[in-house]
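>
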Amino acid sequence: MNDSNAIIHGSQMTKGFNHTILIVDDEEKIGKALERLIKKIGARSFYAASGPQALDFIQQSKDQLSMILSDQRMPGMDGTQFLEKARAVTPDTVRFLITGYADINAISDAVNRGAVHRFITKPWDNDDLLEMIKSGLQYYELIIENRNLFALAKQQNTRLYNLSQELKQKAAAHKRVIVQKEKQILQLKKRLEKRSDEADYFEQIEKLLGDHQMFEKDRIVLCYRAVMKDVFLKFKDLAARNGFFMPTESEPNHKV
Numbered sequence: 003m004n005d006s007n008a009i010i011h012g013s014q015m016t017k018g019f020n021h022t023i024l025i026v027d028d029e030e031k032i033g034k035a036l037e038r039l040i041k042k043i044g045a046r047s048f049y050a051a052s053g054p055q056a057l058d059f060i061q062q063s064k065d066q067l068s069m070i071l072s073d074q075r076m077p078g079m080d081g082t083q084f085l086e087k088a089r090a091v092t093p094d095t096v097r098f099l100i101t102g103y104a105d106i107n108a109i110s111d112a113v114n115r116g117a118v119h120r121f122i123t124k125p126w127d128n129d130d131l132l133e134m135i136k137s138g139l140q141y142y143e144l145i146i147e148n149r150n151l152f153a154l155a156k157q158q159n160t161r162l163y164n165l166s167q168e169l170k171q172k173a174a175a176h177k178r179v180i181v182q183k184e185k186q187i188l189q190l191k192k193r194l195e196k197r198s199d200e201a202d203y204f205e206q207i208e209k210l211l212g213d214h215q216m217f218e219k220d221r222i223v224l225c226y227r228a229v230m231k232d233v234f235l236k237f238k239d240l241a242a243r244n245g246f247f248m249p250t251e252s253e254p255n256h257k258v
C-alpha cells in the first residue's frame, strides 16, 4: 500500500468514551478485517501499513490513542521495535502485538520489558479477540481516570495548601494586632491608675487656695462643708420630687 492512502479513517467511538485504535499491519486485508471487527464495539479506528507510517501518524495526530494493534512481522521495522518507540511517544496507550507461534520467545521478552501489554497469536477467534480488545480499552479507561483523579487531587492539595498559608498569614497579622492592642490597653490602664493615685482634689484645692493666701485652712473646711451642704440639699429636693427618700444628715464628714 502506498503512502498516500496508508492511513484510512474507520468507524466511530464507544458509548461514554472516545476510544481510538490504531491498526498497524503491512497486509491491508488484515487491517481491513480488524477495522470491521472493531466497528462492532463502536470504537474509532485508523490503519497504517508500517511502523514508520504509524509513528508519523501518532506524532501528528491530535487524537489520544486508546490502543495499538500491531503485527510483529513487518518489513523495515518489526512490531516489537515499533511498539517500543510508540511507548515513548504515547505511554498510556495500551499496546497489543499480533504474532505467530514461531515468535513467542521474542514476544515474551517484549512483554517483560513493558513494550507490549498483551500478544495475540494467529489465527485468532474474532469473539475472543473482541473480548481482549474490550478488556484492553477498560484498562486504558482506568489509566486515564486514575491520572485525572491524581491531577485533581494534586490541584486540590495545592489549593488547600495555598489557603492554609493564607490563613496562617492572616492569623499571624491578627495576632500582631491583638498584641499591639493589649500593649496599648496596658499602657492606658497604667496611666489611669497613676492618675487615680495622684488625684486628691480636695488637697489640690486646699493647696491652691493656701498658696495664694485666699483662705486659711479653717475657712477652707467651712467652705467645703457649705458647698457639700448645698449639694446635699439640692439632691434631697430632687429625690423628694421623684418619690425617693434621703436621710436628714446634711453635712457629710470630711477629715482634714
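Using this note's numbering, read the sequence shown as starting at 3 and increasing by one per residue.
All C-beta atoms in this analysis are idealised placements derived from N, C-alpha and C, irrespective of residue type, glycine included.
Return the first residue and the last residue of the alpha helix (DSSP H) that ASP73 is part of.
No alpha helix (DSSP H) holds ASP73; the beta strand (DSSP E) holding it covers 69-73.
> Cα-Cα, which of GLN186, LYS42, THR92 is closest to ASP129?
LYS42
> In this structure, how does DSSP classify ALA88 when only helix, strand and coil are distinguished?
helix
> Please confirm whether ILE100 and ASP58 have their CB atoms less than 8 Å apart.
no
> For the segment 104-191, which segments carrying the beta strand (DSSP E) assignment without a break, of at least 3 residues, lie completely within its bounds, in sequence order?
120-123
> Could you give the DSSP three-state label for THR95: helix, strand or coil?
coil
> Smallest Cα separation from VAL118: which of PRO54, ALA153, ILE106, ASP239?
ILE106
> Using the C-alpha atoms, what's the distance from LEU139 back to GLY81?
20 Å
> Just checking: is the beta-carbon of ILE60 within a distance shorter than 8 Å of some beta-carbon in chain D?
In the structure shown, chain D cannot be found, because there is only a single protein chain.
> So what's ALA45 in DSSP terms, helix, strand or just coil?
It is coil, neither helix nor strand.
> Between the Cα of ASN114 and the Cα atoms of SER137, GLU86, PHE19, ASP94, which residue gives the shortest distance?
Checked all of SER137, GLU86, PHE19, ASP94; the closest Cα to ASN114 is GLU86.
> Helix, strand or coil: which one does DSSP assign to ALA51?
In the structure shown, ALA51 sits in coil (DSSP, three-state: anything other than H, G, I, E or B).
> Mind reading off the beta-carbon distance from HIS21 to ARG46? Whole number of angstroms is fine, and I expect it under 8 Å.
7 Å
> Would you decide whether PHE26 is buried or exposed? Buried here means 16 or more other CB atoms lie within 10 Å of its CB.
Residue 26 is actually Val in this sequence, not Phe. It counts as buried.
> Give me the DSSP bridge partner(s) of ILE25.
TYR49, LEU71
> Going by other Cβ atoms of all chains shown within 10 Å of its Cβ, with 16 needed for buried, is SER166 buried or exposed?
Exposed, by the Cβ-count rule.
> List the residues that DSSP assigns as beta-bridge partners of THR101.
THR123
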